[in-house]
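Residue numbers (this note's numbering): 1 to 409.
In what follows, a single structure is set out as structure tokens and then discussed.
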Amino acid sequence: MSESPYYGVILSAGMLATGTMNTLLTKLQDKQCVGNCADADPAKREYFEQPVWQTLNMFYGEMLCLACFYVYSLYLRRSRAASSLGGYEAIADADESDESIDAHAAEAVPTTDALPAAAAAAESGVLRQPKPIAGWATLWMWVPAACDLLGTTLMNVGLFFTTASVYQMLRGAVVIFSGLFSVLFLGHRLERFQVFSLILVVIGVSIVGLSNIVAPPAQISRSQLGSWQSAASLDEHSDEIDRGTWKAVLGVVLVLGAQVFTATQFVVEEKIIRHYHLTPLRAVGLEGSFGALTVMAAIPVLHLTIGRSHPGGYFDAPEGFRQIIQNPSVWQTSIYIMLSIAMFNFFGLSVTRYLSATSRATIDTCRTLFIWISSIALGWEAFSWIQVIGFAILVYGTFIYNRVIASPF
1 MSESPYYGVI LSAGMLATGT MNTLLTKLQD KQCVGNCADA DPAKREYFEQ PVWQTLNMFY
61 GEMLCLACFY VYSLYLRRSR AASSLGGYEA IADADESDES IDAHAAEAVP TTDALPAAAA
121 AAESGVLRQP KPIAGWATLW MWVPAACDLL GTTLMNVGLF FTTASVYQML RGAVVIFSGL
181 FSVLFLGHRL ERFQVFSLIL VVIGVSIVGL SNIVAPPAQI SRSQLGSWQS AASLDEHSDE
241 IDRGTWKAVL GVVLVLGAQV FTATQFVVEE KIIRHYHLTP LRAVGLEGSF GALTVMAAIP
301 VLHLTIGRSH PGGYFDAPEG FRQIIQNPSV WQTSIYIMLS IAMFNFFGLS VTRYLSATSR
361 ATIDTCRTLF IWISSIALGW EAFSWIQVIG FAILVYGTFI YNRVIASPF
């Protein structure tokens, strides 16, 4: 592959664009009306709120990475077969061929912290294990897939009650939990600058979460209060403000809680990578496959146990399927989301391979900024100085943790 001076720029731009699109498209899908759309009262309209189906869609996108891995493996096999026919090398047996293809893919397919917790392992060479993961051992990837399933579903629900930018900023809290879990379960030691950076991240995340909670009341101006003509109307709108505040709190709690599962996913992935040779592109694909199988098995169970007693809710499988099929805007965004998550993983892998893991962390932070700017430009949220301060502290702490900038300590 060409190593032109523009290649890194193209990869970085691709990661930034697809990552930004993925979050914005998911929020756009949440805003799609699927019922009572002609009603003049917006409060009576029904919007697409199917976090389980959205999680399944994400796993389908990750499965595309596995397809890319096997297509590349097939390409290598055919290339070697052609070379051997020309007398350049002997034909290896099946087992040797499979192992050499996996090893070659580890070098040629971009390796990364596609799974962020694997970054340290990748940079230290732990990924290059002599024993490739195969057979029943691949089932170990079901564990991080389950963590990914729980974390993604919680975040999808949390996104219903938060803005896209707050959602993305709160996801930065994964650094806190992954840092703590790496100490507890992997035996890592946090250096002084890392402890300092985690404290900054905690402060930044707290301020961002606060900005989301205080935003609903702040959006009600004095002129609006004066326009409500009766005490009953004022009480009704006060109740709406209270409900909006509690939903904002719930959104923050769900997104932050999801980071516990995401951090657990990273720790488990690093454990697996320490014992098996596994290319990140294949790891993403395996997690997508196991995750998709799990969600597809869980959908009917959740419907029979919960969905039937709560028609139209998160676990009403037939209603969710109907909303997707009968609303072009929903199934079209589903396709775009699936493609964007696959491309985001590919570009992320490539950035770490050809640039560095630190470059990927920096670009991912810039993605949050682009999501925020885009959300304001689209009119989905208002500018907030509280959010600016929280985001600045969060970015500063994240950059110190990833050694992008030097710590004062």
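The C-beta atom is built at its ideal place from N, Cα and C for all residues, glycine as well.
Remember, predicted model here, so these are calculated numbers, not experimental data.
Outcome for residue i when other beta-carbon atoms lying within 10 angstroms are tallied against a minimum of 16
i, result
"glutamate 270", "buried"
"histidine 310", "exposed"
"isoleucine 335", "exposed"
"valine 9", "exposed"
"alanine 443", "Residue 443 lies beyond the range of the chain shown here (1 to 409); nothing can be said about it."
"glutamate 191", "exposed"
"tyrosine 6", "exposed"
"asparagine 36", "exposed"
"arginine 78", "exposed"
"threonine 362", "buried"
"glutamate 275", "Checking the displayed sequence, the identity of residue 275 turns out to be histidine instead of glutamate. Flag for histidine 275 reads exposed."
"arginine 171", "buried"
"isoleucine 405", "exposed"
"phenylalanine 261", "buried"
"phenylalanine 383", "exposed"
"tryptophan 140", "buried"
"leucine 304", "exposed"
"alanine 38", "exposed"
Contacting residues, own chain, Cβ-Cβ under 6 Å from residue i (five flanking each side not counted)
i, result
"threonine 23", "Ala164, Gln168, Ile371"
"phenylalanine 181", "Ala263, Val267"
"valine 157", "Pro51, Leu254"
"phenylalanine 391", "Met169"
"valine 143", "Val268"
"glycine 320", "Gln50, Trp53"
"histidine 188", "Ser182"
Reference residue i, options the options, closest by Cα
i, options, result
"arginine 322", "Trp53, Val388, Leu64, Phe185", "Trp53"
"leucine 64", "Arg171, Asn345, Thr398, Leu74", "Asn345"
"isoleucine 400", "Leu278, Ser375, Gln194", "Gln194"
"threonine 138", "Ile272, Gly312, Ile386", "Ile272"
"asparagine 265", "Thr279, His277, Ala283", "The amino acid at residue 265 is misidentified as asparagine; the sequence shows glutamine. Ranking the options by Cα distance to glutamine 265, first place goes to Ala283."
"methionine 21", "Trp385, Ala392, Leu369, Ile405", "Leu369"
"glutamine 332", "Leu16, Ile299, Gly14, Asp30", "Asp30"
"isoleucine 337", "Ile299, Thr26, Leu349", "Thr26"
"alanine 317", "Leu170, Asn402, Glu49, Pro280", "Glu49"
"leucine 286", "Ser12, Ile133, Val330, Ala298", "Ile133"
"proline 408", "Phe196, Thr398, Ser384", "Phe196"
"glutamine 387", "Asp148, Ser73, Gly179, Val208", "Val208"
"threonine 55", "Leu355, Ala40, Gly151", "Gly151"
"alanine 298", "Phe69, Ile213, Leu149, Ala173", "Leu149"
"valine 252", "Leu210, Arg308, Tyr354", "Leu210"
"alanine 342", "Cys33, Gly204, Ala146, Asn57", "Asn57"
"glycine 244", "Leu256, Val301, Asn212", "Asn212"
"valine 205", "Gln259, Tyr354, Met141", "Gln259"
"lysine 131", "Leu66, Thr279, Asn402, Arg80", "Thr279"
Sequence-distant residues of the same chain with beta carbon closer than 7 Å to residue i, five excluded per side
i, result
"isoleucine 176", "Leu198, Val201, Val202"
"tyrosine 396", "Leu200"
"phenylalanine 59", "Gly288, Gly291, Ala292, Val295"
"isoleucine 306", "Phe315"
"cysteine 366", "Leu16"
"glutamate 381", "Thr163, Ser165, Ser375"
"isoleucine 324", "Trp53, Val330, Trp331, Ser334"
"lysine 247", "Phe161"
"phenylalanine 347", "Leu11, Gly14, Met15, Thr18"
"glycine 313", "Gly307"
"alanine 145", "Glu287, Phe290, Gly291, Thr294"
Bounding residues of the beta strand (DSSP E) (the contiguous stretch that carries residue i)
i, result
"leucine 34", "Checking the sequence, you will find valine at residue 34 rather than leucine. Note, valine 34: beta strand (DSSP E), 33-35."
Residue i - containing alpha helix (DSSP H), residue span
i, result
"arginine 282", "280-305"
"tryptophan 142", "142-160"
"glutamine 168", "164-170"
"valine 9", "7-30"
"leucine 394", "385-401"
"alanine 317", "317-326"
"isoleucine 133", "Segment: none, isoleucine 133 is in no alpha helix (DSSP H) and carries neither H nor E."
"glycine 179", "174-186"
Below-9 Å beta-carbon distance, residue i vs any chain C residue
i, result
"alanine 146", "Checking the listed chains, one finds no chain C in this structure; it contains a single protein chain."
Same chain, Cβ closer than 8 Å to residue i, five either side skipped, listed in chain order
i, result
"aspartate 93", "At aspartate 93, the pLDDT of 41 sits below 50, so the modelled position is not reliable; the number obtained from the coordinates is stated separately. Cβ within range, chain order: n/a, list empty."
"isoleucine 389", "Ile207"
ask   = Which runs of the alpha helix (DSSP H) fall wholly inside the region 52-81 and span at least 4 residues, in chain order?
value = none
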